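K.L.:
Going left to right, the sequence shown walks through residues -19 to 172 as this note's numbering numbers them.
Pasting a structure below so you can have a look.
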Amino acid sequence: MDRQAGPRIAVTLAILTAVLGVVGFVVTLVLNAVVYDEFDAYGEVPVPGSGRFVLPAGEATISFRAVVPGGLDEDDSLPVPPLQLSIRPPSGVPEPVVTETMRSVTAINNDVRVRIWVAQVSQEAVYDITARGAVGGYRSPHLAFGRDTSVGWAPWAFGAVFAGGLLWLAVALRWSARAGRRPRPLPGPTQI
């Protein structure tokens, strides 16, 4: 095996590692946004309107959802109108604690949603939910109740794989440059 085989293998593997990091990062972002997003797992309430459904114990995400013909503007934002939410538990069950957590906007075709609240539900029960707000400019506005099942660590892990691949590539390229080729003696004179 010649002196250049090791550095060539190292450079090739470093490039493959960096590519794997980029592909994995993009795939996990898409999967988290589309496949693992169970933003409406428990039900939806029209705004204005009311509904009744089971919320399990634990964390429930509450997202504002509307149809936006033509998609979002250039800044990819969905202005959330002033909304009021009432979650009434059955008797003997404590009220869920609702906190505001504005998150990024997710848009698939013309369906646009943004998480606006998280409810900490202490006990699984059937809850009466009422939503009100000035939503005159929105088409089919709803509040969706669901859960966040995205794999939050995966994009970070693939980002680290990409960074490791780049670092490995820098080391491999330096090794390749230092390995150099050994000087070879010129062939002797030939008879013609």
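Note that beta-carbon positions come from the ideal geometry of N, C-alpha and C, so glycine has one too.
Keep in mind it's a predicted model, so treat the numbers as computed, not measured.
Take every Cβ of the region -8 to -1, pair it with every Cβ of the region 105 to 114, and state whether three or more of those distances are shorter than 8 Å.
P.N.:
Counting Cβ pairs under 8 Å, fewer than three are found: no touch.
K.L.:
Find the nearest neighbour of alanine 134 within the set Thr79, Tyr16 and Ser66, judged by alpha-carbon distance.
P.N.:
In the sequence shown, residue 134 corresponds to position 154, counting from 1. The shortest C-alpha separation from alanine 134 is found at Tyr16.
K.L.:
Spatial neighbours of serine 66 within its chain, please: CB distance less than 6 Å, with the 5 preceding and 5 following residues excluded, ordered by chain position.
P.N.:
Numbered from 1 along the sequence shown, position 86 holds the residue referred to as residue 66. The answer, listed in chain order, is Thr110.
K.L.:
For glycine 31, which option in Arg119, Ala140 and Arg68 has the closest C-alpha, if you only look at C-alpha atoms?
P.N.:
Taking the first residue of the sequence shown as 1, we reach residue 31 at position 51. Nearest C-alpha to glycine 31: Arg68.
K.L.:
Runs of 3 residues minimum, wholly inside the region 115 to 144: which ones carry the beta strand (DSSP E) assignment?
P.N.:
List check, beta strand (DSSP E) in window: 119 to 128.
K.L.:
Mind checking serine 102: buried by the 16 CB within 10 Å criterion, or exposed?
P.N.:
In the sequence shown, residue 102 corresponds to position 122, counting from 1. By the neighbour-count rule (16 or more Cβ atoms within 10 Å), serine 102 is not buried but exposed.
K.L.:
Quick check on alanine 159: does DSSP put it in helix, strand or coil?
P.N.:
Start at 1 with the first residue of the sequence shown, and residue 159 comes out as number 179. Alanine 159 falls in the helix class under three-state DSSP.
K.L.:
If you draw a straight line from the C-alpha of phenylalanine 44 to the C-alpha of glutamine 64, how long is it?
P.N.:
Start at 1 with the first residue of the sequence shown, and residue 44 comes out as number 64. Start at 1 with the first residue of the sequence shown, and residue 64 comes out as number 84. Spanning the two alpha carbons is a distance of roughly 12 Å.
K.L.:
Under 6 Å Cβ to Cβ from proline 26, same chain only, skipping five residues before and after it: list those, please.
P.N.:
Numbered from its first residue, the sequence shown carries residue 26 at position 46. The answer, listed in chain order, is His122.
K.L.:
What three-state label does DSSP hand alanine 152 in the structure shown?
P.N.:
Locating residue 152 in the sequence shown gives position 172, counting from the first residue. Reduced to three states, the DSSP call for alanine 152 is helix.
K.L.:
From which residue to which residue does the beta strand (DSSP E) around threonine 86 run?
P.N.:
Within the sequence shown, numbered from 1, the residue matching residue 86 stands at position 106. Residues 85 to 88.
K.L.:
Let me know if glutamate 104 comes out buried or exposed under the rule of 16 or more other beta-carbons within 10 Å of its beta-carbon.
P.N.:
Here residue 104 corresponds to residue number 124 of the sequence shown, with the count starting at 1. Classification for glutamate 104: exposed.
K.L.:
If we call anything under 8 Å between Cβ atoms a contact, is valine 92 one with alanine 46?
P.N.:
Looking up residue 92 in the sequence shown gives position 112. Looking up residue 46 in the sequence shown gives position 66. Their beta carbons are under 8 Å apart, which means valine 92 touches alanine 46 by this criterion.
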